[in-house]
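J.: Take this structure, written in structure tokens, and hold onto it; I'll ask about it next.
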Amino acid sequence: MNSTELLIALSVALFTLGLTGVIIRRNAIVMLMCMELMVNAAILSLVTFAARAASASGAVLALLVFVVAAAEIAIAIPIVLLLVRQRRTLDVGAYSKLGG
Amino acid sequence: MTELLPLYGFSAAALAGAVAMLIARHPMRVALALIATMLSLAGIYALLGVHVIAIFQVLIYVGAIMVFMVFVIMLLDARDPSYLQRYSRLLAPGVLLGALLASGLGHTLAHRLAAAAPSAAPADFHLQPFSAEFLRAYWLQFELTSVLLIAAVVAAIAVLRGRAGREGRDE
């Protein structure tokens, strides 16, 4: 197994674990962190192929994905805080009837 | 084989952190496991020779996003019921779906990567061509990310202030 195969297999494993975490966990913050794990797995495969091809464009794309992930968290955390303020819990089961 | 040893070590650490994220009960422990995974990934990027991405992984992910996350966890109520009960009702279907996805992706990977011709030795990645390319060819995208970040900040303020403004009117 060379390094590319190892890293792509790791990326698959991390993405699967992140998706499983988003589905099975109950806490909204933990679900957000599992989404971050999925983004990290995608960036890992991107960087692996960018490093293999010595491509500057791939590294630039990885950098832009970092910024998009930061913007995503900057929006997602206030939404979670708003839900917690309204429902008094982080349990996503309590958000099943979302209304105004 | 021996030159792959650090890579195996960082990969094992990243995997262990990801598994700990699914098992840990308290969100703070999940956050620490995620930080360990991200630092291991930064080590992998450094081993690949893409040092600029490794530095940004530590600065942006661990330094900004996860610190923000840890502050939010400390702000929230520690007696929440979701802290006691880790898993929702979707535990069995979620694990099943994860296993199916892993086996499907692993199957495809084993076939495609084995079929792909072994590539030439990877060329070295250097910071100088990267920086020149970044600001010559991708300056528009770079400027657009600043617009995106400002939009995100304005939206975050609007989400929190909009609610507060409505409550103020109701009273």
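Protein sequences, first through last, are from chains A and B. Start counting the first sequence at 1; every next residue gets the next number (the working numbering). Start counting the second sequence at 1001; every next residue gets the next number (the working numbering). Where a beta carbon is used, it is the ideal one built from N, C-alpha and C, also for glycine.
#1: Which residue wins for smallest C-alpha separation from S1084/B, given the options L90/A, I79/A and V84/A?
#2: So does the region 1099-1109 of chain B actually touch the region 49-59 of chain A, counting three or more Cβ pairs closer than 8 Å?
#3: At a CB-CB cut-off below 7 Å, which residues of chain B make contact with S3/A?
#4: Counting only beta-carbon separations shorter than 8 Å, does F66/A have a partner in chain B?
#5: Any beta-carbon of chain A closer than 8 Å to the one on R1086/B?
#6: For the structure I just gave you, are there three or more beta carbon pairs, one from the region 58-71 of chain A and one from the region 1055-1073 of chain B, closer than 8 Å?
#7: Would you call F1130/B buried or exposed, if buried means 16 or more other Cβ atoms sit within 10 Å of its Cβ?
#8: Determine the contact status of I77/A and V1072/B, defining contact as a CB-CB distance below 8 Å.
#9: Could you name the residues of the same chain whose beta carbon sits closer than 6 Å to that of E1171/B, not counting the 5 residues immediately before and after it, in chain order?
#10: Could you give the distance in angstroms between the alpha-carbon of L1105/B and the alpha-carbon of R1161/B?
#11: Which stretch, first to last residue, makes up the alpha helix (DSSP H) that contains F1130/B?
#12: Using 8 Å for Cβ pairs, my map puts L64/A next to S11/A. What's the rounded Cβ distance?
#13: Compare the C-alpha of V60/A against each of F1125/B, A1158/B, V1159/B and V1154/B and name the closest.
#14: Tell me the DSSP secondary structure of N101/A in three-state form.
#15: Please tell me whether V1052/B has its Cβ less than 8 Å away from any Cβ of chain A.
#16: Chain A beta carbons: is any one of them nearer than 8 Å to that of A1016/B?
#17: So, for L1047/B: in the same chain, excluding its five sequence neighbours on each side, which residues have a beta-carbon less than 8 Å away from its beta-carbon?
#18: Assuming T1037/B contacts G1017/B under a Cβ cut-off of 8 Å, what Cβ separation, rounded to an integer in Å, is found between them?
T.: Looking at the atomic coordinates:
#1: Looking at the sequence shown, residue 1084/B is not Ser but Leu. Among L90/A, I79/A and V84/A, the Cα nearest to that of L1084/B is on L90/A.
#2: Output reads no: the region 49-59 of chain A does not touch the region 1099-1109 of chain B.
#3: Listed along chain B are L1004 and L1007, each with a C-beta nearer than 7 Å to that of S3/A.
#4: Cβ-Cβ to chain B under 8 Å: yes for F66/A.
#5: Closer than 8 Å to some Cβ of chain A, the Cβ of R1086/B qualifies, so yes.
#6: Output reads yes: the region 1055-1073 of chain B touches the region 58-71 of chain A.
#7: When all chains shown are included, F1130/B counts as buried.
#8: Between I77/A and V1072/B, the C-beta gap is smaller than 8 Å, which places the two residues in contact.
#9: Low per-residue confidence applies at E1171/B: pLDDT is 45, beneath 50, and the placement is therefore not dependable, though the value from the model is reported in the following sentence. Within the same chain, no Cβ atom closer than 6 Å to the Cβ of E1171/B is found once the five residues on either side in sequence are excluded.
#10: Their backbone Cα atoms lie some 43 Å apart in a straight line.
#11: Where F1130/B is concerned, the enclosing alpha helix (DSSP H) starts and stops at L1127 to A1137.
#12: About 18 Å separates the two Cβ atoms, so there is no contact after all.
#13: Answer by Cα proximity: F1125/B.
#14: This structure leaves residue 101/A out entirely; chain A is present only between 1 and 100.
#15: Taking 8 Å as the CB threshold, V1052/B lines the interface with chain A.
#16: By this cut-off, A1016/B is not an interface position.
#17: If we look at L1047/B and ignore the five residues flanking it on each side, its Cβ neighbours are P1006, L1007 and F1010.
#18: So it is a contact: roughly 3 Å between Cβ atoms.
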